[in-house]
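The structure appears below as C-alpha cells.
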Amino acid sequence: MTDKTYLFQYLLRLADDHLILSQRLGEWCGEAPTLEEDLALANIALDLIGQSRSIYSYAADVENKGRDEDHLAFVRVERDYRNALIAEQPNGDFAHTIARQFFVSAFMVPFWREMESSNDLMLAAIAAKASKEVAYHLRHASEWVIRLGDGTEESRERMIEALDDLFIFTGEMFEVDETVEAMIRSGVCTDPSSLMGEWLQTVQSVIAQATLEMPDTGFMQTGGRMGRHTEHLGHILSELQYMQRTYPGQVW
Amino acid sequence: MYSQGLIGADGKTHEDEAFLNAFQARIDAEQKIEPNDPMPQGYRKTLIRQISQHAHSEIIGMQPEGNWISRAPTLRRKAALLAKVQDEGGHGLYLYSAAETLGVSREEVTDQLLSGAAKYSSIFNYPALTWADIGAIGWLVDGAAIMNQIVLCRCSYGPYARAMIRICKEESFHQRQGYEIMIALCNGSDEQKELAQDALNRFWWPSLMMFGPPEGDSVHSSQSMIWKIKRFSNDDLRDKFINATVPQAEHLGLTIPDPDLKWNEQKQGYDHGDIDWNEFWRVVKGDGICNRDRLKKRRKVHRNGAWVREAALAFASKHAAQQTADAQIAAE
Numbered sequence: 020m021t022d023k024t025y026l027f028q029y030l031l032r033l034a035d036d037h038l039i040l041s042q043r044l045g046e047w048c049g050e051a052p053t054l055e056e057d058l059a060l061a062n063i064a065l066d067l068i069g070q071s072r073s074i075y076s077y078a079a080d081v082e083n084k085g086r087d088e089d090h091l092a093f094v095r096v097e098r099d100y101r102n103a104l105i106a107e108q109p110n111g112d113f114a115h116t117i118a119r120q121f122f123v124s125a126f127m128v129p130f131w132r133e134m135e136s137s138n139d140l141m142l143a144a145i146a147a148k149a150s151k152e153v154a155y156h157l158r159h160a161s162e163w164v165i166r167l168g169d170g171t172e173e174s175r176e177r178m179i180e181a182l183d184d185l186f187i188f189t190g191e192m193f194e195v196d197e198t199v200e201a202m203i204r205s206g207v208c209t210d211p212s213s214l215m216g217e218w219l220q221t222v223q224s225v226i227a228q229a230t231l232e233m234p235d236t237g238f239m240q241t242g243g244r245m246g247r248h249t250e251h252l253g254h255i256l257s258e259l260q261y262m263q264r265t266y267p268g269q270v271w
Numbered sequence: 021m022y023s024q025g026l027i028g029a030d031g032k033t034h035e036d037e038a039f040l041n042a043f044q045a046r047i048d049a050e051q052k053i054e055p056n057d058p059m060p061q062g063y064r065k066t067l068i069r070q071i072s073q074h075a076h077s078e079i080i081g082m083q084p085e086g087n088w089i090s091r092a093p094t095l096r097r098k099a100a101l102l103a104k105v106q107d108e109g110g111h112g113l114y115l116y117s118a119a120e121t122l123g124v125s126r127e128e129v130t131d132q133l134l135s136g137a138a139k140y141s142s143i144f145n146y147p148a149l150t151w152a153d154i155g156a157i158g159w160l161v162d163g164a165a166i167m168n169q170i171v172l173c174r175c176s177y178g179p180y181a182r183a184m185i186r187i188c189k190e191e192s193f194h195q196r197q198g199y200e201i202m203i204a205l206c207n208g209s210d211e212q213k214e215l216a217q218d219a220l221n222r223f224w225w226p227s228l229m230m231f232g233p234p235e236g237d238s239v240h241s242s243q244s245m246i247w248k249i250k251r252f253s254n255d256d257l258r259d260k261f262i263n264a265t266v267p268q269a270e271h272l273g274l275t276i277p278d279p280d281l282k283w284n285e286q287k288q289g290y291d292h293g294d295i296d297w298n299e300f301w302r303v304v305k306g307d308g309i310c311n312r313d314r315l316k317k318r319r320k321v322h323r324n325g326a327w328v329r330e331a332a333l334a335f336a337s338k339h340a341a342q343q344t345a346d347a348q349i350a351a352e
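Order-wise, the sequence lines are chains A and B. Using this note's numbering, the letters of the first sequence map in sequence onto residues 20 to 271. Using this note's numbering, the letters of the second sequence map in sequence onto residues 21 to 352.
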C-alpha cells in the first residue's frame, strides 16, 4: 500500500469512530434522564459529528476519487466501516452510555493532544479544535461515573455492570497494525499503545473516586478496524443510510 | 398556538380595587412586571399556565423531529437537526425557569404534563412521516410559532419577555433552516418535489390551527389582552402568517392546499377557506394520531431516568453533608 492509501484507511477509521458514536448519542435526544442531559449528550454528539465531517472531507481529498463526506459516511457497505467496536455498542441504560463515553473520551484526550503535533497539518488543525471539545466530554462522563458509582445502591450496581460490559472493548483503541505502523513511521500519529499509561491512570482515578473497583482485565475484543463488527452496526447503518439508499444520488 | 395554554385561565383575583387599578396602571404604562412585584393571582396563574404549557410544547416538540435525527440524509442536515432539537430542549429549560420565578417548580409542572392535566401545542400530535416533514415543520410550524412569539417579547411579564427574545432568535434560525430544506427538495427530483408538496399538504391546516380558534370562541383572550400578556387576536396573527407564507410557497413552486385561498385587494391580505375546528378540538382533547404516543414516551423517559436523578440527588446530599463536616473540623 502507498502512504496515501494508509492515510486514507487511517482517516476512515477515525471518522467512522466519531460518526458511529455520534449516531448512538443522537439516539438519546429527547430521552435523557434530565433536560440538562438531553442538552449535554446532544452537545457531545454535535462535537463528534463536526469532527467526523472534517475527517471525512479530508479523507475524500486524500482519496481523490470524487467522493465527498456524505459518500464516505453514508454509502458504504457494513464491512467497509472501520470504527472501533466500542463506538457501535448500544446505549443501554444511562450508565452504559456514560461508561462508553468515559472510556472513549479518556483515550481521546491524550490522543488529540498528541495529534496537535502531527506532521500532517490538516490533522493537527483538526486536533487543536477537538482537544478542547474532548476535555469537556471527559469531564462530563467522569462526573457521572463518580455520581452514579457513589450515588444510590441501584446506580452503583448499574455503573459496575456498565463498566464491566464495556471494558472488553477498550483494548482496540490502542492496537497497532500495519496501517497504524505506517502512520507512526511517517509522523502522522504517535503510537497509540504509548497512551495506555495515561488512559489507565485517568480511568483508575475516576473509578476510585466513584468508590468502585476496576473491571477485570482479560481478553479484549477486536475486529472493527478490519470491518468485523458486532451485530449492532448493521442496524445503525439501516437507519443512518436510509435516505441515501432509498433515494440514491439526490441532493438534500 | 402555544397560547392554547390560555384555555381555562380564569383571571379571577381576590385583590381590592385599588390594588388592581395600581397594577393595571403599571401594565398600561408598559412597565415590566418582575418576579417579586405584587401581582393579581389571576395574572400569576395565567402566566404559569401559559409559560409551562409553552415549555411542555418545546419538550414534546422534540419528539417528531427527534424521530429523524438518526435518518437525516447528510451529515450537515443531521448536525443542523440535532442542534435544532437541542435548542428546543434549551427553550424548555429557560421556560421552566421563567415559570419557576412565579413560584412553581419544574417537577410540579412536569407532573402536570405527565398526568395529562397540562396541554401542549396540538401541532406536535401530528407525525413527522418523511424527511420533507422536517422541512415543513421548520418552515411552517416554527414560522407560525415566531408570529406568536415575536409579540411575546413585549409581554408584560419581564422574565417571559426576556426568555422570548432569545427563543425568537433561535426560532427564526430554525424557520430559515426548514425553508432551506424545502428549497433543496423543490430544486431536486420530481420525487423530492412530491415529498415537499405532500408535507405542505399535511402541515398547512394544522399550522393555521396553531393560532387557536377565532376570538369569539376564545374566552380567555380578552383578559390576557388587558394584561398585555397577549397583544393580537388569534385571527390577526393567523392572517399575518398566511400573508407571509403564501409568497414563500409560490417561490418554492408549491401549491397551498386551500382552493378558497385568494388575494383580497381591499384588505391587502389573503382570504382563506374554512378551518376544520372539529379536528382542532379532537386533537386538543387527546384524539390526534400521536397524542397517546407522545405522552407515553414522555412518561417512559421520565420513569427510565428516575434512578439517575435519585442517584444525583443522593450523591449531592452525601457530599454536601461531607463538606459541612469538613468545614466543622476545619473550624475547630
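The beta carbon of each residue, even a glycine, is placed where N, CA and C say it ideally should be.
Nearest Cα to Leu104/A within the set Ile203/A, Arg119/A, Val94/A: Arg119/A. Against chain A, a Cβ distance below 7 Å from Gly232/B picks out nothing, because the smallest value is about 26 Å.
Ile309/B sits exposed, since fewer than 16 C-beta atoms from the chains shown fall within 10 Å of its C-beta. In the same chain as Asp278/B, and ignoring 5 residues on each side of it, the C-beta atoms closer than 6 Å to its own belong to His292, Gly293, in chain order. Inclusion of Ser137/A and Ala146/A in the CB contact set at 8 Å is warranted, their separation being smaller than that value. Per the coordinates, the alpha-carbon of Ala38/B lies some 19 Å from the alpha-carbon of Lys52/B. Residues of chain A whose Cβ lies closer than 9 Å to the Cβ of Glu120/B do not exist; the shortest such Cβ separation is about 13 Å. Residue pairing by DSSP puts Ile53/B in a beta bridge opposite Tyr177/B. A straight-line Cα-Cα distance of about 11 Å links Tyr146/B and Val304/B. For His156/A, same chain residues with a beta-carbon under 6 Å away, outside a window of 5 residues either side, are Ile63, Ser124 in chain order. Under DSSP, Asp112/A forms no beta bridge with any residue.
In this structure Ser205/A is in contact with Asp22/A, their Cβ atoms being roughly 6 Å apart against a cut-off of 8 Å. Trp271/A sits in coil when the DSSP states are folded into three classes, being neither helix nor strand. CA-CA distance, Asn284/B to Val161/B, rounds to 24 Å. Straight through space, the alpha carbons of Ala331/B and Ser174/A are spaced by roughly 6 Å. Between the stretch 167-176 of chain B and the stretch 247-262 of chain B there are three or more inter-stretch CB-CB distances shorter than 8 Å, so the stretches are counted as touching. Residues of the same chain with a CB within less than 6 Å of the CB of Asp169/A, apart from the 5 flanking positions on each side, are Ala229, Thr230 in chain order. Taking all protein chains shown into account, Ser77/B has 16 or more neighbouring C-beta atoms within 10 Å of its C-beta and is therefore buried. Counting every other CB atom within 10 Å of its CB across the protein chains shown gives Leu140/A a total below 16, marking it as exposed.
Close partners of Ile89/B in chain A (Cβ separation under 7 Å): Gly45, Cys48.
In the DSSP annotation of this structure, the continuous segment of the alpha helix (DSSP H) that includes Asn254/B starts and ends at 254-272. Non-local C-beta neighbours of Lys98/B in its own chain, meaning closer than 6 Å and more than five positions away in sequence, comprise Ala92, ordered along the chain. Ranking Asp36/B, Ala183/B, Ala119/B by CA distance to the CA of Gln73/B puts Ala119/B first.
Of the candidates Gly236/B, Gly155/B, Ala347/B, Lys139/B, the residue whose Cα lies closest to the Cα of Ala75/B is Lys139/B. Non-local beta-carbon contacts of Trp131/A in its own chain, meaning distances under 7 Å to residues more than five positions away in sequence, involve Ala146, Ala149, Ser150, Val153 in chain order. Taking a contact to require three or more Cβ pairs closer than 8 Å, the stretch 60-76 of chain A and the stretch 32-52 of chain A qualify as touching. When C-beta distances to chain A are compared with 8 Å, the residues of the stretch 97-113 of chain B below that value are Arg97, Lys98, Ala99, Leu102, Ala103, Val105, Gln106, Gly109, Gly110, Gly112, Leu113, in chain order. For Glu46/A, the CB contacts under 7 Å within the same chain, skipping 5 residues up- and downstream, are Asn110 in chain order. Counting only the Cα atoms, Thr198/A lies some 10 Å from Arg32/A. Between the stretch 188-200 of chain B and the stretch 251-263 of chain B there are fewer than three C-beta pairs closer than 8 Å, too few to call the two in contact. For Trp131/A, no Cβ of chain B is located within less than 8 Å of the residue's own Cβ. The beta carbon of Asp35/A sits closer than 6 Å to the beta carbons of Tyr100, Arg101, Asn102 from its chain, once the five residues preceding and following it are set aside; these are given in chain order.
Going by C-alpha positions, Thr241/A is about 15 Å away from Phe122/A.
Listed along chain A are Cys48, Gly49, Asp57, each with a C-beta nearer than 8 Å to that of Met82/B. Residue contact check for Met262/A against chain B: a CB pair falls below 8 Å. Taking C-beta separations shorter than 7 Å and ignoring five residues to either side along the sequence, the partners of Ala100/B in its chain run Gln197, following chain order.
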